[in-house]
Amino acid sequence: MGRLDGKKALVTGASRGIGRAIALELASEGAAVAVNYQSSDAKAQAVVDEIVKLGGKAILAKANLAKREEARGMIQKVAEELGGLDILVNNAGITRDRSLRKMTDEQWEEVIATNLNSYFYCTSAAIPLMIEAGFGRIVNVSSMNGQTGAFGQANYSASKGGIIAFTKTAALELAKTNITVNTVSPGFTETDMFAEVPEKIQDSIKERIPMGRFARPEEIAKAVTFLAADGDYITGQQINVNGGAYM
Ligand SMILES: NC(=O)c1ccc[n+]([C@@H]2O[C@H](COP(=O)([O-])OP(=O)(O)OC[C@H]3O[C@@H](n4cnc5c(N)ncnc54)[C@H](OP(=O)(O)O)[C@@H]3O)[C@@H](O)[C@H]2O)c1
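Position one of the sequence shown corresponds to residue 4 (the working numbering), numbered consecutively onward.
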């Protein structure tokens with residue numbers, strides 16, 4: 004018996020990387036999982052197929068979450084298809100790195116819309132469903148760089164710091180409704196996003212990680228699943244999964 008048997012979950016940005024690992028981990032604990040993504044049809048389908056092959060239930064949920072109508076429409080559709088929504092993992096994110104002096108309005112706005120606005124759109128659409136059901140677990144994936152700042156990431160670090168503050172307010176407002184809201188903040192994790200960082204910079208980053216290696220997506224997924232499955236009295240918290248890189 005899984006720790007999430009009977010639960011219905013949505014993971015945003017689940018076609019690849021950390022979101023994919025979270026979808027697989029939630030499914031392995033018995034949750035039915037909606038796999039959101041923006042454009043990687045084949046990769047998202049592969050995640051669904053993998054879950055089904057392992058005996059789980061999964062559906063596709065394609066939507067560009069930077070667009071409010073698409074995000075809110077997707078939440079309604081997923082809840083209809085799965086028969087409710089117990090767990091929302093806001094994870095979709097992008098980078099558009101540029102030093103502050105060179106950053107364009109478009110780079111700023113695209114990152115804030117995708118990484119921060121989408122979390123608001125999905126959460127605000129999910130809340131009424133969760134309140135009616137008397138249960139909800141919301142986990143927001145932020146980043147170590149939302150706490151430390153990072154060169155070339157004024158847009159990204161602002162979005163990620165915003166997620167941490169958003170989480171605390173949502174947790175406060177929803178505490179009496181049996182909906183918990185928490186943040187998991189990964190450090191440097193082996194995904195397509197991190198692969199964009201030049202190898203030389205990756206090496207210098209690794210030297211600064213006390214555990215001496217990057218995270219695997221599955222290690223982030225375990226923290227998210229813990230909050231969804233066993234975090235009944237944990238809300239408004241921020242869990243760092245970063246190998247000790249920021250304490
Ligand atoms: N990797 C790291 O080192 C690291 C560190 C700290 C925090 N994080 C955070 O962890 C989360 C996942 O990162 P990752 O490394 O797994 O990223 P990734 O491998 O680049 O995957 C990004 C995912 O987000 C989806 N996505 C992007 N824009 C979207 C949009 N507008 N609407 C819907 N989905 C969208 C992508 O869908 P498509 O495949 O369709 O494009 C993909 O599934 C992000 O929030 C990131 O900021 C990552």
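Note that the Cβ used here is the ideal one computed from N, Cα and C, for glycine as well.
- Remark: the shortest separation between the CB of ASN120 and any heavy atom of ligand 1 does not fall under 7 Å.
- With a cutoff of 7 Å, ASP195 counts as near ligand 1, since its C-beta is closer than that to a heavy atom of the ligand.
- At a Cβ-Cβ threshold of 8 Å, ALA45 and LEU88 do not count as neighbours.
- Shown here, ALA66 sits in coil according to DSSP, grouped into three states, outside any helix or strand.
- Relative to ligand 1, the beta carbon of ASN243 is positioned no closer than 7 Å to any heavy atom.
- A distance below 8 Å between beta-carbons, with the five flanking residues on each side excluded, links ASP233 to the following residues of its chain, in chain order: ARG6.
- Taking non-hydrogen atoms of ligand 1 into account, the C-beta of PRO189 is found less than 7 Å away from one of them.
- Judged by DSSP secondary structure, SER145 falls outside any alpha helix (DSSP H); it is assigned neither H nor E.
- PHE197 and ILE134 have their C-alpha atoms spaced approximately 36 Å apart.
- With a cut-off of 7 Å, the C-beta of THR15 is classified as near ligand 1, since at least one heavy atom of the ligand falls inside that distance.
- No Cβ-Cβ contact shorter than 8 Å links VAL38 with ALA24.
- Under the Cβ criterion (8 Å, minimum of three pairs), the region 12–23 counts as touching the region 213–225.
- A direct Cα-Cα distance of roughly 14 Å separates THR238 from VAL92.
- Taking 8 Å as the cut-off, the beta carbon of ALA12 is found closer than this to the beta carbon of VAL36.
- DSSP places LEU29 in the uninterrupted alpha helix (DSSP H) bounded by 20–31.
- The alpha-carbon separation between PHE169 and GLY58 amounts to approximately 36 Å.
- Counting only residues of its own chain and dropping the five nearest sequence neighbours on each side, LEU175 has a CB closer than 8 Å to the CB of GLY239.
- By DSSP's assignment, ASN93 forms a beta bridge with ASN143.
- Looking at the backbone, the Cα of GLN205 and that of ASN148 are separated by about 15 Å.
- Measuring C-alpha to C-alpha distances from THR98 to each of PRO131, ALA153, LYS56 identifies ALA153 as the nearest.
- By alpha-carbon distance to ILE90, the top candidate from ASN118, GLU28, ARG71, GLU53 is GLU28.
- Annotation: the continuous beta strand (DSSP E) that includes LYS11 extends over 11–14.
- Among the bridge pairs identified by DSSP, GLN156 is matched with ARG101.
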